[in-house]
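Peer 1:
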Amino acid sequence: MMRAWMLVFLWLLPMTVWAETQVNIVGLFQGKAIMAINGGKPRTLSAGEISPEGIRLIAASSDKAVIEVDGVKRELGMGQAIALPSKDAVAGGSSVTLYADSTGHHFIDGHINGASLRFLVDTGASAIVMNSGDARYAKIDYKRGTPVSVQTANGVANAYKVVINNVRLNGLVLTQVDGLIMEGGSPAVVLLGMSALNRVEMKRDGIALTLTKKY
């Protein structure tokens, strides 16, 4: 009987994990910041104010906001997002909401194989595209992939087709996603292309873009 209960415990253990609180900065003013938390409607916080989720705005200017969570301070610029660990929720969500920056682009901080990287939604990219340095950081042995030549704005470049094991954007997790690794330092951020976007439903509402997993 004890062994049976132990097996049940071990089966359940991976299901109880740390979730995250997502904070997106969508507006900045002197002494105030507009932020969207966990995909909710943007709300304005004044310096010293604390949100219901426990996020305190320390200071804000037209360039950045300084927030404090559990005694730890973080700085975020306009359009930036951060995922903060939270033990009060259970992971396993299947959607994430991004907010456009002043140029209309949707950025988000996420993970590839556990490595923290910055993503840009790019419907013009056929796959997840990343530079070779970021690939090594994410422990991708890209040279075991298929070598290809890719036409870029600067001419023909060498690249490798690979399969990325795990892509996580807060609660949205995709596995076995086609990727393209470019030799060198370009692109500067990871391009979230159609090999990932084809597997989600994209819904726009103003500056908000919600990605919901289909499979």
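Those letters in the sequence shown? Residues 26 to 240, per our numbering, in order. Glycine included, C-beta positions come from ideal geometry on N, C-alpha and C. Treat the numbers as computed from the prediction; the structure is a model and nothing was measured.
Return the CA-CA distance between Thr-177 and Thr-200, expressed in angstroms with no decimal places.
Peer 2: 27 Å
Peer 1: Quick check on the burial criterion: 16 or more other C-beta atoms within 10 angstroms. Buried or exposed for Arg-229?
Peer 2: Looking at its Cβ environment, which holds fewer than 16 other Cβ atoms inside 10 Å, Arg-229 is exposed.
Peer 1: For the structure I just gave you, are there three or more beta carbon pairs, one from the segment 85-104 and one from the segment 177-193, closer than 8 Å?
Peer 2: Counting Cβ pairs under 8 Å, fewer than three are found: no touch.
Peer 1: Please give me, in chain order, every unbroken run of the alpha helix (DSSP H) with length at least 4 that falls completely inside the segment 137-221.
Peer 2: 157-162
Peer 1: Residues in the same chain with beta-carbon distance under 6 Å from Gly-129, minus the five sequence neighbours each way, listed in chain order, please.
Peer 2: Beyond the five residues adjoining it in sequence on each side, Gly-129 comes within less than 6 Å, by CB distance, of no other residue in the same chain.
Peer 1: Measuring straight from C-alpha to C-alpha, what distance separates Asp-208 and Ser-76?
Peer 2: It should be noted that the sequence gives Glu, not Asp, for residue 208. One alpha carbon belongs to Glu-208, the other to Ser-76, and they sit about 43 Å apart.
Peer 1: Kindly list the residues whose CB is nearer than 7 Å to the CB of Thr-171, restricted to its own chain and excluding five residues on each side of it in sequence; keep chain order.
Peer 2: Tyr-185 and Lys-186
Peer 1: Taking the C-alpha atoms as reference points, what is the distance between Asp-113 and Ala-150?
Peer 2: Reliability of the predicted coordinates at Asp-113 is poor, the pLDDT of 40 falling under 50, and the value obtained from them is presented with this limitation in mind. Near 36 Å, if we compare the C-alpha coordinates of Ala-150 and Asp-113.
Peer 1: For a test of the three-state rule: what should DSSP assign to Ala-276, helix, strand or coil?
Peer 2: Nothing in the structure corresponds to residue 276, since the chain is present only between 26 and 240.
Peer 1: Three-state secondary structure (DSSP) at Asp-113?
Peer 2: Annotation note: pLDDT 40 at Asp-113 (below 50); position unreliable, no value reported.
Peer 1: Who are the Cβ neighbours of Val-146 in its own chain at under 6 Å, not counting the five residues just before and after it?
Peer 2: His-131 and Leu-217
Peer 1: Quick check on DSSP: helix, strand or coil for Ile-83?
Peer 2: Under the three-state reduction of DSSP output, Ile-83 falls in the strand class.
Peer 1: Please classify Asn-49: does DSSP put it in a helix, a strand, or coil?
Peer 2: strand
Peer 1: By Cβ distance below 7 Å, which residues in the same chain neighbour Arg-99 in space, the five residues on each side in sequence not counted?
Peer 2: Ile-92 and Ile-107
Peer 1: Does the distance from the CB of Thr-237 to the CB of Val-225 come in under 7 Å?
Peer 2: Taking C-beta atoms as the reference points, Thr-237 and Val-225 count as a pair closer than 7 Å.
Peer 1: Is the beta carbon of Leu-205 closer than 7 Å to that of Val-154?
Peer 2: yes
Peer 1: Given Thr-69, which residues of its chain have a CB within under 7 Å of its CB, disregarding the five upstream and five downstream residues?
Peer 2: Cβ neighbours of Thr-69 beyond the five flanking positions: Lys-57 and Ile-59.
Peer 1: How about Asn-191 and Asn-138: are their beta carbons less than 7 Å apart?
Peer 2: yes
Peer 1: Just how far apart, CA to CA, sit Ala-85 and Pro-212?
Peer 2: 30 Å
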